[in-house]
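Notes follow the structure.
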Amino acid sequence: MSIGYDEQPEPHQSSVLKRRWRVILTLCGFGLLAGMIAWAGPVALWDRLRMIDPACLAGAIAAIVAGTLLSAINSYLICGASQVMGLGEYVYAFWVAWAIGLVVPGQIGDMLTLNQVLRRRGMPLSHSVARTTVDKVVSLLCALMVASQIFRLGHASVLRSLSAGAIILLAGMAAFAALSLWALHRMGRMESKNRWVVGAIATAAEVVRIVITRPRLLVVNLVLSLLKVGLTGISYWLVIRGLSAAVPPLQNVTIAAISSGLVAYLPLSANGIGTVEVAGAGLFGELGIGLDIVLSMYLVLRLVNILLAWVPAMFVLPDLLRTRKH
């Protein structure tokens, strides 16, 4: 029996369900964060927040801004964006992408925004997707390398297990990437009219080209990504110092901050809200930092990031969206 047109599911039905599911997960994340705040005590958190050292807070803001600009330059180089736009214009686009990434689950909002901007400027979609993917993968690899050092935070067996898990993920990512590129290379020998297959093959070919012909560019991307990791650790360390007299070593703060931030890569809630705080409470707790300090730190850093990202983005976004493809 044939199915009538009116009986078929609407094309946008699945996307609507996905959006609703993301909203539900984000609300659950906010609920999780609210529960942690209630457990730590709102009064204790407020006492911490109102006594924060302004100099340390200013230093943390400077580190965040410097890290964002460094990431923008790093992305500009690896994406080859100089072919279609200037560095200043790309920094504007990157800032907007950063802002959108703060409210979209799974660390993909920034990639989608940059791909759209580069496509509007005339860069082939397969090229922009390949290059932003390489940038994101290198950043993830750097985070996993840092997470492999979680065992340095304490003597608990779970820390050694987490370090081993990070190492296994590193090896698994390398193996999966090699296998995927090999499979797509084989598919490239076959003729296909499916635009998704053709696009995937073109993207894979661009990734291979970057890896083989531009190894120095990859090294530069890796070094700048590690510098961004260091600046992120400094911002966390300064906020902790502003909230508490006892400050763990910068190295351990960086390990805890970057490792807990890996949770945000999972498409659970917007920028890992709630879930990152849970992971951070466990890792920073191994450093002897109380829950009230950990939650105060995350609240300060989330608020600062949102203000730094969205206040400029609201002025840049309209002009960015009006720009058409050349």
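Using our numbering, the first residue of the sequence shown is number 8, and each one after it goes up by one.
Just so it is clear, CB atoms sit at the ideal spot from N, CA and C, and this is done for glycine as well.
Since residue i and residue j should fall inside the 8 Å C-beta cutoff, what is the C-beta to C-beta distance between them, to a whole number of angstroms?
i       : j       : result
Ile-296 : Ile-262 : So it is not a contact: roughly 13 Å between Cβ atoms.
Val-283 : Gly-268 : 6 Å
Gly-240 : Asp-60  : Contact doesn't hold; Cβ gap of about 18 Å is too wide.
Ser-133 : Gly-87  : About 13 Å; that fails the 8 Å criterion.
Ile-85  : Leu-238 : Contact doesn't hold; Cβ gap of about 18 Å is too wide.
Leu-275 : Leu-160 : Going by Cβ atoms, the distance from Leu-275 to Leu-160 rounds to 23 Å, so no, they are not a contact pair.
What's the call for residue i, buried or exposed, on a 16-neighbour Cβ count within 10 Å?
i       : result
Leu-314 : exposed
Trp-244 : buried
Ser-187 : exposed
Phe-322 : exposed
Arg-27  : exposed
Arg-138 : buried
Leu-40  : buried
Trp-189 : exposed
Ser-164 : exposed
Val-318 : exposed
Met-1   : Examination of residue 1 is not possible in this model, given that the chain is present from 8 through 333 alone.
Gly-279 : buried
Gly-38  : exposed
Ala-154 : buried
Trp-105 : buried
Pro-255 : buried
Trp-203 : exposed
Gly-11  : In this prediction, Gly-11 has a pLDDT of 44, which is less than 50 and means its spatial position is unreliable; nothing more can be read from the coordinates.
Which one of the options has the shortest CA to CA distance from residue i?
i       : options                            : result
Leu-125 : Ala-271, Gly-292, Val-91, Ile-68   : Val-91
Ala-171 : Met-152, Ala-41, Arg-127           : Met-152
Ala-184 : Val-110, Ala-212, Ile-115, Leu-306 : Ala-212
Ser-266 : Ala-320, Ile-174, Leu-225          : Ile-174
Ala-65  : Ala-316, Val-307, Ala-320          : Val-307
Ala-288 : Leu-302, Pro-222, Pro-256, Trp-102 : Leu-302
Tyr-305 : Ala-277, Val-270, Ala-264          : Ala-264
Thr-33  : Leu-119, Ala-277, Val-141, Phe-291 : Ala-277
Can residue i be considered in contact with the ligand MN, in the sense that its beta carbon sits closer than 7 Å to one or more heavy atoms?
i       : result
Val-215 : The ligand MN is not part of this structure, which contains no ligands at all.
Answer with yes or no whether the minimum CB distance from residue i to chain B is below 8 Å.
i      : result
Arg-29 : Looking at the structure shown, chain B is missing, and only one protein chain is on hand.
Open item on the list: Below 8 Å, how does it come out for the stretch 206 to 222 and the stretch 51 to 60: are there three or more Cβ pairs, yes or no?
Closed with: They do not touch, by the three-pair rule.
Task: contact_flag[the stretch 231 to 239, the stretch 142 to 159] where n(CB pairs < 8 Å) is 3 or more - done: When Cβ pairs closer than 8 Å are counted between the two stretches, the stretch 231 to 239 is seen to touch the stretch 142 to 159, the count reaching three or more.
Open item on the list: Quick test of the definition: if touching needs 3 or more C-beta pairs under 8 Å, does the stretch 96 to 108 touch the stretch 72 to 87?
Closed with: Between the stretch 96 to 108 and the stretch 72 to 87, the count of C-beta pairs closer than 8 Å reaches three or more; the two stretches touch.
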